[in-house]
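Peer 1: Here you go, one structure.
Protein chains in written order, with the working numbering: chain A, 1251 to 1459; chain R, 1251 to 1459; chain V, 1251 to 1459.
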């Protein structure tokens, strides 16, 4: 298993967990939980593939993603009673999950940019594909839960995707290899998100009265 | 006209009606009614086809679905004044519609599984395609109407899809014919939904505070 | 640059601005603004292309649309402080924007119908594709902003699309050229929208209690 595939599945798990948690807050039944977890974990990549015409989409070709999501849901629902007191102790919600989410985001953006480049897209389209892959699932999750997608408002989220995807493209066009460029991009996305989380950074909002 | 096509159009009509009713509750104009009815009736299959790469999607190839939806909207809007007192008398909303919806759901799940198998999908992907076909339109309807999709919360809805799609696959892999397997799956989805409606069954919800 | 392409980019700009304004009202950060503007401006055409199987979708093939959207966002955010007092003076919100929106709508509907005809669709499917292209972006915008899509409720919006697309098809089938038919359709959509704006026309709503 390549390092990229490993991180891709890790990102899938983390995003699925964020769907499970929101489903739990909305008191969904177990299969509502699966629907929300699946949408969050593979929604962005699905939209990307449909736009690129890379169909059937990635998880139809490799259902490993679905198995990973199902296992994540089952394990999480089984152990949530253990997690709750653990959460009190170590602040999973406030600390571990955002960090895992940042890792998942960085990986998804890198994979999205990479796939667009493979399909022959230019720089700007590849950046947009990276952003769609990174934030698409979370946006769909929030829309289903009838929340305004926090990604559109929250501290430096789309910005981190944009910066990472841009660095990815710059290094790629400078002639660095596919993996090296992707790693650089992922590193930048991750670094910006972690910094934003650590210092609670926000961009100035654009406001019209 | 094959029996499958007949039930497919029946499901289309039923799902369109559920869109019309929600549009009426939201006081939409007549063409808003068409948009919501169409989204509900063909939304799930459209998402399925886009994911499978079965494009142009089914209703572009066979516009009969669109004609059926338009006729349903017009007839329903014309006769709604007759339906209202009828509803008082026989509880269409509480009884007939849920039963028709269960039939539509069962048919759509079966068609979705079947199409995925035709496109060479494995068991898990085919089950997911069945669920997407069955619940996709209703989820889009509820999102447009700014409601939390009841499918994610309601009694044994996605569960019925999952069970029916799984039975469909099991019989198919046991060597039963395409139609026989599909009928078995549809029967199971329908039976579970009708039982859930009759006894107001609910799964225990998964709750995180 | 053909006249059609010019109006297509004009429609893109107008729809992007409507996304920027809503983002400003929701106090999004600058990259949330880009996401909402982009979704509004190219969402309808993207859904159309995914349904038709015209992938990769139009803006992947011609990223000019993305550059135009980015420029629109930057310019609008830079000059919004100039626009606010201007707005007080000349009622941009109440007058200029709806008129531009009507132009964008008319163009998008015409382009959607045209593309469906190029892909060999029949009359009804082409009309539906025109409507999807015209209203899809605005519906996605409103869903992201957690509003009930006003398009489904508002004065004669989808109706204008339907009428324009139908006229487009009628002239096309009568043997008029592609551009002439499209212009007629666009003119009708525009005329109906402008009339509805000027006289605040509404269709009777369809209401179920």
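All C-beta atoms in this analysis are idealised placements derived from N, C-alpha and C, irrespective of residue type, glycine included.
Would you say residue 1396 of chain R lies against chain A (beta-carbon separation less than 8 Å)?
Peer 2: Yes, because at least one Cβ of chain A sits closer than 8 Å to the Cβ of residue 1396 of chain R.
Peer 1: Looking at the secondary structure, which residues open and close the alpha helix (DSSP H) in which residue 1425 of chain V lies?
Peer 2: Premise fails: residue 1425 of chain V is in no alpha helix (DSSP H) and is neither H nor E.
Peer 1: Buried or exposed for residue 1387 of chain A, please, with buried defined as at least 16 other CB atoms from any protein chain shown within 10 angstroms of its CB.
Peer 2: buried
Peer 1: Going straight from the alpha carbon of residue 1443 of chain V to that of residue 1439 of chain A, what length do you get?
Peer 2: 44 Å
Peer 1: I'd like to know whether the C-beta of residue 1306 of chain A is nearer than 8 Å to at least one C-beta of chain V.
Peer 2: no
Peer 1: Leaving aside the five residues before and after residue 1307 of chain A along the sequence, list all residues of the same chain whose C-beta is less than 6 Å from its C-beta, in chain order.
Peer 2: Short of 6 Å from the beta carbon of residue 1307 of chain A, and not among the five residues preceding or following it, lie these beta carbons of its own chain, in chain order: 1296, 1299.
Peer 1: Decide if the stretch 1405-1424 of chain R is in contact with the stretch 1308-1324 of chain R; the criterion is three or more beta carbon pairs, one per stretch, under 8 Å apart.
Peer 2: no
Peer 1: When the Cα atoms are used, what is the spatial distance from residue 1258 of chain A to residue 1287 of chain A?
Peer 2: 15 Å
Peer 1: Find out if the Cβ-Cβ distance for the pair residue 1265 of chain R, residue 1304 of chain R is shorter than 8 Å.
Peer 2: Their beta carbons are not under 8 Å apart, which means residue 1265 of chain R does not touch residue 1304 of chain R by this criterion.
Peer 1: Which class does residue 1371 of chain V belong to by DSSP, given the choice of helix, strand or coil?
Peer 2: Assigned with DSSP and collapsed to three states, residue 1371 of chain V falls in coil, not helix or strand.
Peer 1: If you measure between the beta carbons of residue 1395 of chain R and residue 1260 of chain R, is that distance less than 8 Å?
Peer 2: Contact check for residue 1395 of chain R against residue 1260 of chain R fails: the beta carbons are separated by 8 Å or more.
Peer 1: Decide if residue 1408 of chain V is buried, meaning its Cβ has at least 16 other Cβ atoms within 10 Å, or exposed.
Peer 2: buried
Peer 1: Note down, in chain order, every chain A residue with its Cβ under 7 Å from the Cβ of residue 1281 of chain V.
Peer 2: 1408, 1409, 1412
Peer 1: If we ignore side chains and look at the alpha-carbon of each, how far apart do residue 1325 of chain V and residue 1446 of chain V end up?
Peer 2: 30 Å
Peer 1: Taking only the alpha-carbon atoms, compute the straight-line gap between residue 1269 of chain A and residue 1441 of chain R and give it to the nearest angstrom.
Peer 2: Going by the C-alpha atoms only, they are around 29 Å apart.
Peer 1: Do residue 1456 of chain A and residue 1278 of chain V have their C-beta atoms closer together than 8 Å?
Peer 2: yes
Peer 1: Just to confirm the assignment, what range does the alpha helix (DSSP H) spanning residue 1312 of chain A have?
Peer 2: Per DSSP, residue 1312 of chain A belongs to no alpha helix (DSSP H) and is neither H nor E.
Peer 1: Using the Cα positions of residue 1374 of chain V and residue 1314 of chain R, report the straight-line distance between them to the nearest angstrom.
Peer 2: Across the structure, residue 1374 of chain V and residue 1314 of chain R are spaced so that their CA atoms are roughly 10 Å apart.
Peer 1: Do residue 1428 of chain R and residue 1294 of chain R have their beta-carbon atoms positioned less than 8 Å apart in this structure?
Peer 2: no
Peer 1: According to DSSP, simplified to helix, strand and coil, what is residue 1279 of chain V?
Peer 2: coil
Peer 1: Any Cβ of chain V within less than 8 Å of the Cβ of residue 1361 of chain R?
Peer 2: no
Peer 1: What number of angstroms, rounded off, separates the C-alpha of residue 1317 of chain V from the C-alpha of residue 1309 of chain V?
Peer 2: Within the model, the alpha-carbon separation for residue 1317 of chain V versus residue 1309 of chain V is close to 10 Å.
Peer 1: Tell whether a beta-carbon distance below 8 Å holds between residue 1381 of chain V and residue 1430 of chain V.
Peer 2: no
Peer 1: Looking at the structure shown, is residue 1450 of chain R part of a helix, part of a strand, or coil, going by DSSP?
Peer 2: In the three-state scheme derived from DSSP, where H, G and I count as helix and E and B as strand, residue 1450 of chain R is classed as coil.
Peer 1: Strictly below 8 Å CB to CB, what residues from chain R border residue 1278 of chain A?
Peer 2: 1402, 1403, 1455, 1456
Peer 1: Kindly list, in the order they appear in chain R, the residues whose Cβ is closer than 7 Å to that of residue 1303 of chain V.
Peer 2: 1305, 1306
Peer 1: Is it right to say residue 1252 of chain R is buried, meaning 16 or more other beta carbons lie within 10 angstroms of its own, or is it exposed?
Peer 2: exposed
Peer 1: Which chain A residues sit within Cβ distance under 7 Å of residue 1296 of chain V?
Peer 2: Under the 7 Å cutoff, chain A gives 1301.
Peer 1: When burial is assigned at 16 or more other CB atoms within 10 Å of the CB, is residue 1377 of chain A buried or exposed?
Peer 2: buried
Peer 1: State the Cα-Cα distance for the pair residue 1332 of chain R and residue 1346 of chain R, rounded to the nearest angstrom.
Peer 2: 16 Å
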